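Colleague:
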Amino acid sequence: MALLNGEGQDEEWLMDEAESDREESGSSSNFAHKPKQTHWGFLGSVCLNLLFISYILFSYLSGLRQSSLQTPIYSPAASAIEYMTVTFNPGDDERGSQSPYFDLSDSADALWEDLDRVILQIDKKSAQKLPVKTLGIPGIPGFYVITLDVFHQLHCLNLVRKSLFPERYNLWDGIDENYAQRHQLHCIDQLRQSITCSADIAPIPWKWVEEAQQSFPTSETIHTCRNFTNIRNWAAKHALPGGFNGFDSKTRVEW
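Every letter in the sequence shown is one number past the one before it in UniProt numbering, and letter 150, counting from 1, is 150.
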């Protein structure tokens with residue numbers, strides 16, 4: 001009986017050992033698979049992180065490029081910029097909505113001439129920021145001459161306007177014909193470049209005109225504009241006294 005009991009204990013012990021071996025074998029098997037699962041999980045995590053970093057980098061570079069394209073060149077008049085919505089005046093129509101610049105009259109001429117603020121002065125600090133160097137103003141140390149392109153464009157437009165009506169303005173009397181033509185062509189091409197540069201994309205709608213039984217584009221279009229009054233006020237504060245007559249263009253003043 002003692003032997004049987006001992007054998008029973010031994011048998012029980014062997015069974016326990018076998019069960020323990022199976023558990024350890026199973027545990028070892030599970031443990032052996034874990035590195036593979038961890039390996040694939042790690043690779044997946046790396047891939048996701050690389051994709052995320054690539055997306056962030058691409059977004060940053062795209063934004064940087066877009067930002068650099070939208071950054072305007074320096075202008076001392078930038079502080080005057082303010083945007084507003086404006087409905088364009090068709091000029092002259094049957095309802096009497098006539099632009100004050102439309103007429104051939106002394107009052108219209110005065111308005112056009114008042115738009116012509118070509119010669120302006122800025123201090124040295126502002127002049128140093130210009131993308132292209134300018135010259136100093138003779139007799140006014142520390143100040144430099146510029147023109148805002150909008151006033152050059154208006155000057156050109158007024159010149160073309162006057163050239164259309166020689167019987168009123170006699171703009172080119174006594175001036176070499178070749179020079180006159182080249183000056184006019186210069187102005188026309190400057191206006192072309194300005195128009196294509198700003199490239200106003202305001203949509204122009206069409207309307208049906210009952211009297212003509214036909215559709216036409218309407219000039220009463222809505223635009224997003226820079227507040228021109230602000231820019232004129234800025235120019236007035238920086239105008240060179242005497243305009244062209246107050247600027248000695250034959251005397252060179254460097255930095």
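By construction, the Cβ of each residue, glycine as well, lies at the ideal position given by its N, Cα and C atoms.
Just so we're clear, the structure is a prediction, and the values are computed from it rather than from any experiment.
Provide the residue span of the alpha helix (DSSP H) that contains I231, from first to last.
Modeller: Segment F228 to K237, the alpha helix (DSSP H) holding I231.
Colleague: Kindly indicate which residue of P203, E210, P72 and N158 has the alpha-carbon position closest to the one of C187.
Modeller: Cα-wise, what sits closest to C187 is N158.
Colleague: Could you give the first and the last residue of the continuous alpha helix (DSSP H) run that contains Y169?
Modeller: Its alpha helix (DSSP H) spans residues P166 to Y169.
Colleague: With a threshold of 16 other CB atoms inside 10 Å of the CB of L69, please say whether the residue is buried or exposed.
Modeller: For L69, the pLDDT reaches just 49, beneath the cut-off of 50, and the residue's location in the model is therefore unreliable, although a value from the coordinates is still provided. Looking at its Cβ environment, which holds fewer than 16 other Cβ atoms inside 10 Å, L69 is exposed.
Colleague: Is the beta carbon of H223 closer than 8 Å to that of A202?
Modeller: Yes; because the gap between Cβ atoms is below 8 Å, this pair is in contact.
Colleague: Does the segment 240-254 touch the segment 152-168, meaning 3 or more C-beta pairs lie closer than 8 Å?
Modeller: As far as the Cβ criterion goes, the segment 152-168 does not touch the segment 240-254, which means the pair count is below three.
Colleague: What residues in its chain sit with their C-beta under 8 Å from that of D123, if we drop five residues either side in the sequence?
Modeller: G142, F143 and Y144.
Colleague: Between which two residues does the beta strand (DSSP E) containing W206 stretch?
Modeller: Element bounds for W206: W206 to V209.
Colleague: Within a Cβ cutoff of 8 Å, which residues of the same chain sit near S25, ignoring the five residues on either side of it in sequence?
Modeller: Confidence is the limiting factor: at S25 the pLDDT is only 49, short of 50, which leaves the residue's position unreliable, though a coordinate-based value still follows. Once the five neighbours on either side are set aside, S25 has no close Cβ partner at all.
Colleague: So L120 and A235 are in contact, right, with Cβ under 8 Å, and what is the actual spacing, rounded?
Modeller: Sure, about 6 Å apart at Cβ, within 8 Å.
Colleague: Please work out which residues of its chain come closer than 8 Å, Cβ to Cβ, to S27, disregarding the five sequence neighbours upstream and downstream, and give them in chain order.
Modeller: In this predicted model, S27 has a pLDDT of only 46, less than 50, meaning its place in the structure is not dependable; the value taken from the coordinates is given anyway. Result list for S27: empty, nothing under 8 Å.
Colleague: Just how far apart, CA to CA, sit F165 and I204?
Modeller: Roughly 29 Å separates the two Cα atoms.
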